[in-house]
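Those protein sequence lines, which keep their order, are chains A and B.
Numbering-wise, the numbering used here comes out as the position in the first sequence, counting from 1, plus 1303.
Numbering-wise, the numbering used here comes out as the position in the second sequence, counting from 1, plus 1.
Backbone N, C-alpha and C fix where the C-beta goes; we use that ideal spot for every residue, glycine too.
As the structure is a prediction and not an experimental result, all values here were calculated from the model.
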Amino acid sequence: EPEVTQTPSHQVTQMGQEVILRCVPISNHLYFYWYRQILGQKVEFLVSFYNNEISEKSEIFDDQFSVERPDGSNFTLKIRSTKLEDSAMYFCASRAGGWDTGELFFGEGSRLTVL
Amino acid sequence: DAKTTQPPSMDCAEGRAANLPCNHSTISGNEYVYWYRQIHSQGPQYIIHGLKNNETNEMASLIITEDRKSSTLILPHATLRDTAVYYCIVRVASNTGKLIFGQGTTLQVKP
Chain A
1304 EPEVTQTPSH
1314 QVTQMGQEVI
1324 LRCVPISNHL
1334 YFYWYRQILG
1344 QKVEFLVSFY
1354 NNEISEKSEI
1364 FDDQFSVERP
1374 DGSNFTLKIR
1384 STKLEDSAMY
1394 FCASRAGGWD
1404 TGELFFGEGS
1414 RLTVL
Chain B
2 DAKTTQPPSM
12 DCAEGRAANL
22 PCNHSTISGN
32 EYVYWYRQIH
42 SQGPQYIIHG
52 LKNNETNEMA
62 SLIITEDRKS
72 STLILPHATL
82 RDTAVYYCIV
92 RVASNTGKLI
102 FGQGTTLQVK
112 P
């Protein structure tokens, strides 16, 4: 069964460092997303991406964050200068094109720990 | 998007049906009801969705009341692997496909 894959599974970084989280969405999917979940809290929407541009972003997704689809397969989330409060599980998701059935396919997540 | 209310937690005996309720009294005519679950901090997993009619797939059934103000997700024969947080989400179908997750219901399936 096709799946969304994310790397790394866990990353530890120092405050102020840049971090790139990588995702390989399901092949032929057209819509891509990043969500995050701080330990013990809700899953929060960060950004949606379609046709090589951001289609929607949340208040969390400030200038420190950026997304990119550098080639035909990867979808990346960059945090420019990490803060302690960026420590969270980051989930990538994708969905097929066409009518929105609400079925997003999520990866297993990348745990980011900022020290 | 309409607000949803779910009980924070529920228990269910293994092998029995798990019935998870969701209230969405402010739902509008073009809003769908979606159910997802999250098993132990893994990525959320889509279960089922519906607009007006009851729906069934290999994972679950979704029963939506006639006035659409509430719905119930039914796992017909719960197993220990169904222990998870279950999220009821109400929204319109949209180009962005964004989902807003609430706190959900923590379902504990017990042997």
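Measure the C-alpha to C-alpha separation of residue i and residue j and round it to an integer number of angstroms.
{"i": "I1357 (chain A)", "j": "T1385 (chain A)", "result": "21 Å"}
{"i": "Q1340 (chain A)", "j": "Q43 (chain B)", "result": "10 Å"}
{"i": "Y1334 (chain A)", "j": "W1402 (chain A)", "result": "12 Å"}
{"i": "E1304 (chain A)", "j": "P1328 (chain A)", "result": "13 Å"}
{"i": "T1379 (chain A)", "j": "T1310 (chain A)", "result": "10 Å"}
{"i": "A1391 (chain A)", "j": "L1342 (chain A)", "result": "6 Å"}
{"i": "S1351 (chain A)", "j": "Q1367 (chain A)", "result": "16 Å"}
{"i": "W1337 (chain A)", "j": "S26 (chain B)", "result": "29 Å"}
{"i": "R1372 (chain A)", "j": "N1355 (chain A)", "result": "7 Å"}
{"i": "E1362 (chain A)", "j": "A18 (chain B)", "result": "40 Å"}
{"i": "L21 (chain B)", "j": "E56 (chain B)", "result": "15 Å"}
{"i": "K1381 (chain A)", "j": "G16 (chain B)", "result": "44 Å"}
{"i": "S1330 (chain A)", "j": "Y1353 (chain A)", "result": "14 Å"}
{"i": "A1399 (chain A)", "j": "C89 (chain B)", "result": "21 Å"}
{"i": "F1364 (chain A)", "j": "V1370 (chain A)", "result": "10 Å"}
Might you give, ordered along the chain, the residues of its own chain that have their beta carbon closer than 6 Å to the beta carbon of residue i, omitting 5 neighbours on each side?
{"i": "S62 (chain B)", "result": "I75"}
{"i": "E1359 (chain A)", "result": "S1351"}
{"i": "D83 (chain B)", "result": "L76, V110"}
Note down, in chain order, each residue of its chain lying with its Cβ closer than 8 Å to the Cβ of residue i, except the 5 sequence neighbours on either side.
{"i": "T1316 (chain A)", "result": "V1322, T1385, L1415, T1416, V1417, L1418"}
{"i": "Y1 (chain B)", "result": "The question about residue 1 (chain B) has no answer here: the residues shown for chain B are numbered 2 through 112."}
Does the beta-carbon of residue i have 16 or more other beta-carbons within 10 angstroms, so that it is buried, or is it exposed?
{"i": "S1397 (chain A)", "result": "buried"}
{"i": "K99 (chain B)", "result": "buried"}
{"i": "T1308 (chain A)", "result": "exposed"}
{"i": "T5 (chain B)", "result": "buried"}
{"i": "A14 (chain B)", "result": "exposed"}
{"i": "L108 (chain B)", "result": "buried"}
{"i": "R1383 (chain A)", "result": "exposed"}
{"i": "P112 (chain B)", "result": "exposed"}
Classify residue i as helix, strand or coil using the three-state DSSP reduction.
{"i": "E1388 (chain A)", "result": "helix"}
{"i": "D83 (chain B)", "result": "helix"}
{"i": "V1322 (chain A)", "result": "strand"}
{"i": "N54 (chain B)", "result": "coil"}
{"i": "P1305 (chain A)", "result": "coil"}
{"i": "N24 (chain B)", "result": "strand"}
{"i": "K4 (chain B)", "result": "coil"}
{"i": "D12 (chain B)", "result": "strand"}
{"i": "F1348 (chain A)", "result": "strand"}
{"i": "H1332 (chain A)", "result": "coil"}
{"i": "Q46 (chain B)", "result": "strand"}
Would you mind giving the Cβ-Cβ distance between residue i and residue j, rounded to the nearest angstrom? I have them listed as a contact below 8 Å.
{"i": "T106 (chain B)", "j": "V86 (chain B)", "result": "7 Å"}
{"i": "G103 (chain B)", "j": "Q7 (chain B)", "result": "7 Å"}
{"i": "Y37 (chain B)", "j": "I48 (chain B)", "result": "6 Å"}
{"i": "Y35 (chain B)", "j": "G1412 (chain A)", "result": "Not a contact, Cβ separation roughly 20 Å."}
{"i": "G1419 (chain A)", "j": "F1394 (chain A)", "result": "Missing from the structure shown is residue 1419 (chain A); chain A here goes from 1304 to 1418 and no further."}
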